[in-house]
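Student: Below you'll find the structure I mean.
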Amino acid sequence: MKLILTADVSGLGAPGDIVEVKDGYGRNYLLPRGFAIVATRGAQKQIQVITRAQDTRRVRDLDHAKEIKAALEGLSVELKAKAAAGSTKLFGSVTASDVAAAVKSAGGPVLDKRAIELPGHIKTTGKHSVTVRLHPEVTVALPLVVTAGE
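And the structure:
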């Protein structure tokens, strides 16, 4: 199935790219979520409009991403999670939503939870490094301290 991407899809392409995907992936995932449109002659004319809009946003977003990166680099984030008494093991695990809320409460900018990449499941207290992908060209390694608490 030939599709034109309307959003950035990890591992597949950027907006405006024409990609060939399996029918089920296109019909059941990309099209319903609005990540792509079917590649027709009329839709191919829209590629120019999509790429032009993306180019203007990319410059603004790159500058904004660098500003957010500067704000995040000087930030120390502490997250309290439920843990067993006298143990380093957590009840459950830390999620990207938890990290985004901890960054906001630490005085940082509001982050989208989809931009936060965890290094696997964080199930213990201590220091962890979390990657925040602000832009395709801008990523930040954010130090996260998980402590036992309520």
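Here full-length UniProt numbering is used: position 148 in the sequence shown is 148, and no number is missing along the way.
For glycine and all other residues, C-beta sits at the position ideal for the given N, C-alpha and C.
Since I116 contacts A100 with CB under 8 Å, what's their CB separation in whole angstroms?
Tutor: The count along the sequence shown starts at 1 and reaches residue 116 at position 116. The count along the sequence shown starts at 1 and reaches residue 100 at position 100. Contact flag correct, Cβ pair sits at about 6 Å.
Student: So the beta strand (DSSP E) K127 belongs to, where does it begin and stop?
Tutor: To locate residue 127, count along the sequence shown from 1; it is residue 127. Counting along the chain, the beta strand (DSSP E) containing K127 begins and ends at 126-135.
Student: Return the CA-CA distance between G24 and M1, expressed in angstroms with no decimal places.
Tutor: Here residue 24 corresponds to residue number 24 of the sequence shown, with the count starting at 1. Here residue 1 corresponds to residue number 1 of the sequence shown, with the count starting at 1. One C-alpha to the other measures close to 9 Å.
Student: Please look up how many angstroms separate the CB atoms of L75 and V132, rounded, as I've assumed it's under 8 Å.
Tutor: The sequence position of residue 75 within the sequence shown is 75, counting from 1. The sequence position of residue 132 within the sequence shown is 132, counting from 1. Not quite, the Cβ-Cβ distance comes to about 11 Å (not below 8 Å), so this is no contact.
Student: From which residue to which residue does the alpha helix (DSSP H) around K104 run?
Tutor: Your numbering for residue 104 matches position 104 in the sequence shown. Counting along the chain, the alpha helix (DSSP H) containing K104 begins and ends at 96-105.
Student: For the beta strand (DSSP E) that contains K80, what are its first and last residues?
Tutor: Residue numbering aside, residue 80 sits at position 80 when the sequence shown is read from its first letter. Its beta strand (DSSP E) spans residues 77-81.
Student: Buried or exposed: which applies to T147, given that a residue is buried once 16 or more other Cβ atoms fall within 10 Å of its Cβ?
Tutor: By one-based count along the sequence shown, residue 147 stands at place 147. So T147 ends up on the exposed side.
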